[in-house]
Every structure is written in C-alpha cells, then in structure tokens.
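What follows is a set of notes on a single structure, which appears directly below.
2 protein chains.
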Amino acid sequence: MQLIPNKIPIKVGEKYIAVLNEHMAHNLDLHPGDRISVKNGRKGEIIAILDITEDRKEIRDTEVGLYIESWEKLRAKRGDKLCIKLAEKPISLQYIKDKLDGKKLNKEQINEIIKDVVHEDLSELEIAYFVSGCYTKKLDMEEAVNLTKAIVANGSQLKFNKKIVADKHCIGGVAGNRTTLIVVPIVTALGITMPKTSSRAITSPAGTADTMEVLANVLNDAAKLQKIADKVGGFITWGGGVDLASADDKMIQARHILSLDPEGMLLASIMAKKHSVGATHVLIDIPYGPQVKMATKADAIKLGTKFVEIGKKLGMKIQILASTGDEPIGNGIGPVLEAIDAMKVLKNDKDAPQDLRKKGLEMAGMVLELCGKAKKGEGEKMAEKTLNSGAAYKQMMRIIKAQGENKHKLRLGKFKKEIIAQKTGKIVETSNGMIAHIARSAGSPKDPYAGVYLYKKDGENVKKGDKLYTIYSDLKEGLEYAEHYDLNSVYKIK
Amino acid sequence: MQLIPNKIPIKVGEKYIAVLNEHMAHNLDLHPGDRISVKNGRKGEIIAILDITEDRKEIRDTEVGLYIESWEKLRAKRGDKLCIKLAEKPISLQYIKDKLDGKKLNKEQINEIIKDVVHEDLSELEIAYFVSGCYTKKLDMEEAVNLTKAIVANGSQLKFNKKIVADKHCIGGVAGNRTTLIVVPIVTALGITMPKTSSRAITSPAGTADTMEVLANVLNDAAKLQKIADKVGGFITWGGGVDLASADDKMIQARHILSLDPEGMLLASIMAKKHSVGATHVLIDIPYGPQVKMATKADAIKLGTKFVEIGKKLGMKIQILASTGDEPIGNGIGPVLEAIDAMKVLKNDKDAPQDLRKKGLEMAGMVLELCGKAKKGEGEKMAEKTLNSGAAYKQMMRIIKAQGENKHKLRLGKFKKEIIAQKTGKIVETSNGMIAHIARSAGSPKDPYAGVYLYKKDGENVKKGDKLYTIYSDLKEGLEYAEHYDLNSVYKIK
Chain A
1089 MQLIPNKIPI KVGEKYIAVL NEHMAHNLDL HPGDRISVKN GRKGEIIAIL DITEDRKEIR
1149 DTEVGLYIES WEKLRAKRGD KLCIKLAEKP ISLQYIKDKL DGKKLNKEQI NEIIKDVVHE
1209 DLSELEIAYF VSGCYTKKLD MEEAVNLTKA IVANGSQLKF NKKIVADKHC IGGVAGNRTT
1269 LIVVPIVTAL GITMPKTSSR AITSPAGTAD TMEVLANVLN DAAKLQKIAD KVGGFITWGG
1329 GVDLASADDK MIQARHILSL DPEGMLLASI MAKKHSVGAT HVLIDIPYGP QVKMATKADA
1389 IKLGTKFVEI GKKLGMKIQI LASTGDEPIG NGIGPVLEAI DAMKVLKNDK DAPQDLRKKG
1449 LEMAGMVLEL CGKAKKGEGE KMAEKTLNSG AAYKQMMRII KAQGENKHKL RLGKFKKEII
1509 AQKTGKIVET SNGMIAHIAR SAGSPKDPYA GVYLYKKDGE NVKKGDKLYT IYSDLKEGLE
1569 YAEHYDLNSV YKIK
Chain B
1089 MQLIPNKIPI KVGEKYIAVL NEHMAHNLDL HPGDRISVKN GRKGEIIAIL DITEDRKEIR
1149 DTEVGLYIES WEKLRAKRGD KLCIKLAEKP ISLQYIKDKL DGKKLNKEQI NEIIKDVVHE
1209 DLSELEIAYF VSGCYTKKLD MEEAVNLTKA IVANGSQLKF NKKIVADKHC IGGVAGNRTT
1269 LIVVPIVTAL GITMPKTSSR AITSPAGTAD TMEVLANVLN DAAKLQKIAD KVGGFITWGG
1329 GVDLASADDK MIQARHILSL DPEGMLLASI MAKKHSVGAT HVLIDIPYGP QVKMATKADA
1389 IKLGTKFVEI GKKLGMKIQI LASTGDEPIG NGIGPVLEAI DAMKVLKNDK DAPQDLRKKG
1449 LEMAGMVLEL CGKAKKGEGE KMAEKTLNSG AAYKQMMRII KAQGENKHKL RLGKFKKEII
1509 AQKTGKIVET SNGMIAHIAR SAGSPKDPYA GVYLYKKDGE NVKKGDKLYT IYSDLKEGLE
1569 YAEHYDLNSV YKIK
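Going down the list, the sequences are from chains A and B. Each residue of the first sequence is one higher than the one before, starting from 1089 at the first, in the working numbering. Each residue of the second sequence is one higher than the one before, starting from 1089 at the first, in the working numbering.
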C-alpha cells in the first residue's frame, strides 16, 4: 500500500510510531500495536508500531502519520510515496508470553528481550507484559543472573585496569542516609577505585544524586566518567545520566505505573548497575524495620543471601549490612541540608551528625576489609584515621573538582517554620515517611534548599516547648503545603 | 505550575494525554504515565495521562502539549494559562495490582476497573496489567460472573419486552462456518426474537459481520438495532459498531498484542455480549479437533460446562454444541463466497452446500428446543420445514431490508487460479489454517470477492488432475500473494 507521509511535529523517544486512521487501518486489516514496515524507496525503511486515530481529517486515507523520529529516519518529504506492509513480530514477544505462561527463560531468550527493549523494538505495553510475567511468575536465580548479564551486555560499560573495583548500594527507605558521600572519599583516598552511580529521588526528599548535585555536576557520560575515575579514583554521579544499564531504566518506567518490584528484576537492576561499572567488591546496605521495605532482620538477611549468590555467579564479592532503618540518619533531610551534613562529617566539624559519621565509618571499614585493604576487624579504624586526618575531605574536593564544581551556596532555605514539642517525655519513634512527605511538600528535591532539620533522635528526652525540628523552603508556599500534614506526628513522644 | 497550551494536531481516542518536555517533567518531579490535573481556569479541567518528550523545541519549558481531545475539552487557546498538578491515581490501579498479587477481586472492585476502562481513566498499559493479572492468576467463576456484569453495566444494553430472547455464538476456528446466516432467519421466522451481534475477521478470511456486510448494512447503533428487532424479530450486525460491551473491545486490544486469552475474560467477553442484547437462551458452538482451540471433545465439554455455570448465575439458559472442527463448513471461504453459500441454503438451491445446511438446521433445531418452541427431538424437523417452505429465505430478506440492503453483486473475484490434484487417492485432511492464509493473502476480507472455493470434502476420492479448489481475487496481485503458500498442502491426499 502506498501512502503519503504526514509529519506529526513531536518527538516520542527513540522509538518509531506510525499512525493510520481507523478507516484505513480497517481496510488494511491492521490493528493498534501491530508492527508495520514503512519504506521510503531507497531513502530508508523503519519497523514502526502502529497507532490508530479516528481522525480522518488530520490523517487522511492517503496518509501515514509519522512522529519526528520516524519522519527523520525515513528522510521523508511531503509528496513522498511510502510503502506500508505488516511486519513480523519480534521473537522476543513469544518469550514474553512464555514467561507469562510460567516457563523458565534461558540466557539467549532473556538477552533477546533486553536487546529489543534497548533498541526500542518493544513497545511500553509489551515491556509491561514482561514486567508482569517476572512479577507474577518470578525469576529464579539463573534467570536473574542472565537478566543481569543481558542488561550489562546491552548497555555501556566502564572498564578499569584494576583487580579491585569497589562499590556500594543501599536498598533505601531511610531519610538522610547519605553514607555514599562519606564512604567514597575515604575508600578512594586509600587508593581503591570506587565508581559510584546513584539515583535521584523518586518518592524521597533527596536521592544521593540530588545531594551530590548541590556540590558537583552529576551529568557525565561514560567517557567522561572513565577519565574522572582514572584521575581521582572515583566519582559520585547520576546513574540516569549515563546509559549504563539503560534497559533497566526503561523497565523501571513500566514498573513505576503500578509500583511493581519483581524480586528478580530488583536484584538484576541493582547488580547490573554495579556490574556495568566493573565493580568486583560490593557492599549492600539493607535497612530493616517496620518503616522500610524489609520488615525484619531475617527478611533483610534473606534478601542479602540472594545478592551474595547472584554476585558469586557474576564473579563479584558481595558483603551485606543489615542495618536498622528505624529513624533518619543525620540531621538534615533535603539536598542542601544533607550535603551540609556530609561536608561537616568530612571536615570533622564538632557539630557533625554523629550517627551519619558512625554509619559512614562502619561502611567504609567494611568496604576496606572486603577489598582486602584492611585486615578483618581493622577496617573501621583505618577509615576513621583517613577521615580524622583530613585526607577524606581533601579527596572529596578532588572528586568535586574532577566532576565540575557546582557553586550552590550551602545555605538554608529562605523561609522556615519551627516545630515545638507539645509535651514532655521521651522520643520513642521518628517517622521516616512523615518526614519525607513534609520535606517534599516544602519543595525538595526540586528546591534544593527545602527540607527538614531534625534536632532530636530516638531515645532522647524532650521538654514541652523544646525545638523538635525546622522546615525550610525557598518558597513561602512550601511551608503552607507542608502544613497540610500533621506536623506533630513526626516524633512519637511518650 | 502555570503553562501555555500547545496543540498537537492529532486525535488519540477519547482519552486525555498531556505532554511535557523531559526537562520540565524532571523539574516538576513528574514521570511518564503519571496522572496530572490540567485546569484551564473556569473553562474546564481534565485528568490526563502524562507523556514525556525529549523535544524541548516542539514542547517548550513554558508549554504543555495537548492532543486534540484534551485541547477541545479544555476549550484551550494559544495564550491561555493552564494550571498543572499531580492528580490522584484511580483506586482501580490498586485492584489491578491486587489481581497481579493473586488476590480475588470482589464485584465492586471489578466494576471499578471496568468503569475506568470504559471512561478511558486507565491507560492501555494499565489495562495490559489487568489482562496479565487475569491471565497469570486466573479469574474464578464468581469473578468471571462479576466481570460479565460489569462489562454489561458499563455499556449500552438492548431491552426486549419478551420472555425469550435467543442468541448463538461460535468459539471459532473453522473456515466458512456461517451458520448464523441460516439460524437467525429460521428462528426469527418462527416468532422468536434473536438479536445477533457478530465480529469481523481478525485472523480468519471472513467474520460473520464481514459476510453479512456483503448483503446488508452492519453498522447500526443501539437505538436502530432496537427498532429493527422490534420490527422483524432480529438482526445480524457488527458488534464493534455499537457500544454494547465496549469495555470488552478495549481489553481485546490489549490482549491482541500477545494474543492472550485469559479463560475468565474469554467467558466474560462472550457472555457480556449475549447479556447486553438481553439474551435469555443461548446456544454455544464449541468446535474441537487438532486444528482448533479445543483439542478434544472433552476439552470442549469442559469449557462448555463453564458457560452453562456462568449462564446460570446470570439467569441465562445455555446449551452447548461440541462440534467437530476438522474441516471447513460450506464450499466458499471469503465474504462474498460465504454469502453465496448461505443464500443458496436459504433459497433451497440444489447445489447448496449440504454440510452448511445440515449444521444450520441442527443448530436452529437446538435453539428452538432450548427456547421451548419445539419439543425435545423435534427442533430440527421444525427448522427444516421452515427452511424448505421458503419462510426462512423470506425472513432473511426482511432482515436485510430492515438493516438496509447492500448492493454488492454476488459475483466471484475477477481473477482466479485453479488448483489441481497432484495424485490420486482419498482426502484424509483439509487444513483450515492453510485455507485461511491463502484466502487472506488473496485479499479477503477487505476484498470481499477474494477467497477460496472448495470442491472436495474429507473422505472423498480424487483422481490426479481433478479440480481441488479455486482461488479468487479482484486484484491480480492477490493470486501472486497466495502463491507464496504451498497450494498443494490444503488437502492431504492418501
């Protein structure tokens, strides 16, 4: 069938989408979601996913609508005659159906799916079917390993000429837990390569990438990151800014819709990110407690065991830290507030948050022992020495400089509201979730100066009238939005 | 956040989609697939699904892209200031997740999902998640009943002031099986109301709606259908042309992508279509055999039992016919060829295909007995009398006139190719699938004159050189396309 191209002036991502009107689609016996080959003589050919519009005025019977990517790829001009025909479905669709049917997928099948995800040969809807197959029928260990390998193989990779490349990861859920900004400078100051990619906040007030962005540029491509790490031994960058494990980013979009976290995909997603930066030794922090994903220590250890197992199959040494996730770490919650906390720890300031310092040193020590830099039981001491000497701070400044310094002043938000204790007693619980809601409605992470500064920790005694915490925002409305929440429910006082 | 509307000149269906560029979406902390409220002062407000483009030129930072439906609903003008904010997710998304988790859904939850499907409050991707939940975790009988009721309640319905309203359905898979065109005239000639909605071909050479369209208009809305049935007692129309069970049509689109047929959805889909025309007595034809969906008679009966059970819960009497689906019914395959066959049967032509006549009479007889019109064992005789007397033909002409006659000449395709037996022997198998491929590549159903005319049936003896079948097409290329298939593999001769 020959049709004239009609340009739809918007980009839809790297994928190709072609649009026919309902009437023509019916005549051509084509259905929405079908793949069609669209050929523009010798100028080019694409396989596009078919969209259908009822709109016979905008897309006439003689026309095929092409979004910008397709239009450009076909070097189309008004008046060209394009040949349209039904194209074969990719074989990966059959594998996705197999997974929904509960069949186990082999290495080649998983790789085929991931290759098609990366090359935009599968639509969002088809990726969603893959996610639900993995969610409802689970991935076994072998499938998770193969998924990890496929994600790595179909993305960019960093390669270091080192026997040991360290990395860390935290499953998340604890506000203010910015240990990366302590651990990376300490470990790299001691000569171990540590290329750390981090995420931005999705539902939390700040991700590590948001906090690091206060201090330095976190948008670096793979080539630049390779150079930075070769020069200063490590970096802290935004993982989404570089196409390491890019298949994973696309699957996360489909998962986001229903907040689906298929365990096998979660494992593969994290391990692929570590594997693609060439990590050989990885510490994984799994907080547990009633407020986070893992309810009990046993749950955390059970998940941890799977990381260790999958790591073994990928040739990586994994160490697990099951940590309590009962209250925030540090005092500041929000990008700038957390950056201030971390810099205080690195500078050995007297009023640096001791819990953040302690957890940072513990984790850095574990990494040093895992990598064989420190003897068993001596890692934390080595870490502390490096921190106390100022070497970690100096190293952090080198990393910041190598990434490109960001000149945000480390100041507080222009508007603030102090929350006062309504009664005397002892703090028995701090709500990570409520703090996140309040900080986000105050504006974090997009307003980096917004957030919450906590004066109290679990177990402390407070008197009626004591300052409990302060909300900051650079916008007056930020404080008003925050007040929609019950501000007295952050701390439970008994 | 205030943004200026930018019209994207294409319709995307009744749903609302708004587009932001990547940069702004990140700043506003919004993700693809999020729901956002878009408000144009007092002129209107929509809840739209968010799409993201990397295209900062077409959709600038100050703009929100609106497809035609959204643009019109908001009565937007260039220069308007629209308010954008994150909207709540519909509660039905939680129920969809519950289903993926294997939970049983209750009546209200299923109704909520279907209501949102009909009102376009769920995206295609979210509907796909519902389909995969039903596919991987199954629907039990109660859920299937509630799904049926929800589909009916959220669509148009026909209502007849009759105690008995007959209907029939065939699960499909057998070429040429156009019994509807025999059964409806016979049954309605005897005074029983029979409002029949049929489908178009998806993968077959002709659906009943395609065949009926050769003779009469099959695009009628609910009000018109009500009138037709009140006047002549029945109709044969395209189900997709009227919004009976419209939720089902939307779910079928999501199912089509991976050809998923969750049993509970299949049951609900068929029963909803019967229920929404007010059917009280329904005959369901379930062909079985190696070439069709149900491999054995036992499989067909097992599925049939579920129809009977679900019918009971909906207050409908269901009769099952497990029929052999080993070879095509009738001689013609393709819209016009099948219409010719059916009209020959109705006119009692000497060369009418006897297998189609026989199956039509058997089914009409079963419907008459099911409805209590004929005594047990006497239905087929009553049907035959009605057919032989010419009353069925006269009734068919009344139905055609009431729907609006289509003036297609009942002629054959302009081009033809005869296929000759390569050897002498007995026909032991006829391939429904190969016939469908050949007829479709010759052009059916979009070329109504295209198709295949079969001269031989299973069990017949043939001599080398005998005519086996003829391929027809109104386009010369149709025959060329058909020749891509192995034309000698239609019949197995031993």
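Idealized CB from N, CA, C, for every residue including glycine.
Note that the C-beta distance between A/Leu1091 and A/Glu1157 is not below 8 Å. Annotation: B/Gln1090 is outside any alpha helix (DSSP H); the continuous beta strand (DSSP E) that includes it extends over Gln1090 to Ile1096.
Inter-residue distance for B/Met1470 and B/Gly1531 is about 39 Å (C-alpha atoms, whole angstroms). Judged by beta-carbon spacing, B/Val1424 lies within the 8 Å limit of B/Tyr1537, meaning their Cβ atoms are closer than that value. Here A/Phe1503 carries a strand assignment [DSSP, helix/strand/coil]. The beta carbon of B/Ser1577 lies closer than 6 Å to those of Met1522 in the same chain, with the five residues before and after it left out.
Any Cβ of chain B closer than 8 Å to the Cβ of A/Ala1386 would place that residue at the interface, and such an atom is absent. Of all residues in the stretch 1326 to 1351 of chain A, only Gln1341, Ala1342, His1344, Ile1345, Leu1346, Ser1347 and Leu1348 place a beta-carbon less than 9 Å from a beta-carbon of chain B. Identification of chain A residues near B/Ala1216 by a Cβ-Cβ cut-off of 7 Å yields Leu1213, Ala1216 and Tyr1217, ordered along the chain.
In this structure, A/Ala1263 keeps its C-beta atom at 8 Å or more from the C-beta atom of A/Ala1570. Residue nearest to A/Val1540 within the set A/Asn1436, A/Gly1465, A/Lys1552 and A/Ile1417 is A/Ile1417 (criterion: CA-CA distance). The C-alpha of B/Ile1098 is placed about 27 Å away from the C-alpha of B/Trp1326. In the structure shown, B/Gly1453 falls within a helical segment according to DSSP collapsed to helix, strand and coil. Under the 10 Å beta carbon count, B/Ser1286 is surrounded by 16 or more other beta carbons and is classified as buried. When secondary structure is reduced to three states using DSSP, B/Cys1171 falls in the strand class.
Judged by beta-carbon spacing, B/Phe1218 lies within the 8 Å limit of B/Ile1201, meaning their Cβ atoms are closer than that value. Runs of the alpha helix (DSSP H) lying entirely within the stretch 1349 to 1409 of chain A and spanning at least 4 residues, in chain order: 1351 to 1364 and 1385 to 1401. DSSP places B/Ser1561 in the uninterrupted beta strand (DSSP E) bounded by Lys1555 to Ser1561.
Taking 9 Å as the Cβ-Cβ cut-off, the stretch 1266 to 1284 of chain B has no residue approaching chain A. Put simply, the backbone Cα of B/Arg1163 is about 12 Å away from that of B/Asn1094.
A check of alpha carbon separations from B/Ser1125 across B/Leu1355, B/Leu1170 and B/Ile1096 identifies B/Leu1170 as the nearest.
A distance below 6 Å between beta-carbons, with the five flanking residues on each side excluded, links B/Val1455 to the following residues of its chain, in chain order: Ala1254, Val1275 and Leu1371. Residues of chain B with a Cβ closer than 7 Å to the Cβ of A/Asp1439 do not exist; the shortest Cβ-Cβ separation is about 31 Å. Nearest in C-alpha terms to A/Leu1154, of all of A/Asn1128, A/Arg1445 and A/Ile1280, is A/Asn1128. DSSP, reduced to helix, strand and coil, places B/Thr1267 outside both helices and strands of the structure shown, so it counts as coil. Residues of the stretch 1095 to 1108 of chain B that bring their beta carbon within less than 8 Å of a beta carbon in chain A comprise Ile1096, Pro1097, Ile1098, Lys1099, Val1100, Gly1101 and Val1107, in sequence order. When DSSP states are grouped into helix, strand and coil, B/Tyr1537 belongs to the coil group.
A/Ala1216 and B/Ala1216 do touch by the CB rule: their CB atoms are close to 5 Å apart, below 8 Å.
A check of alpha carbon separations from A/Gly1448 across A/Ser1334, A/Val1206, A/Arg1486 and A/Cys1258 identifies A/Cys1258 as the nearest.
With respect to chain B, the C-beta atom of A/Ser1220 has a partner C-beta closer than 8 Å. Among the bridge pairs identified by DSSP, B/Val1550 is matched with B/Gly1513. Fewer than three pairs of CB atoms, one per stretch, sit closer than 8 Å, so the stretch 1499 to 1515 of chain A makes no contact with the stretch 1458 to 1465 of chain A. Remark: three or more beta-carbon pairs, one from each stretch, lie closer than 8 Å, so the stretch 1480 to 1499 of chain B and the stretch 1305 to 1317 of chain B are flagged as touching. Between A/Ile1559 and A/Ile1581, the C-beta gap is not smaller than 8 Å, which leaves the two residues out of contact. Beta bridge pairing from DSSP links A/His1257 with A/Ile1372.
For a Cβ distance threshold of 8 Å, residue set Gln1341, His1344 and Ile1345 of chain A lies close to B/Gly1121, ordered along the chain.
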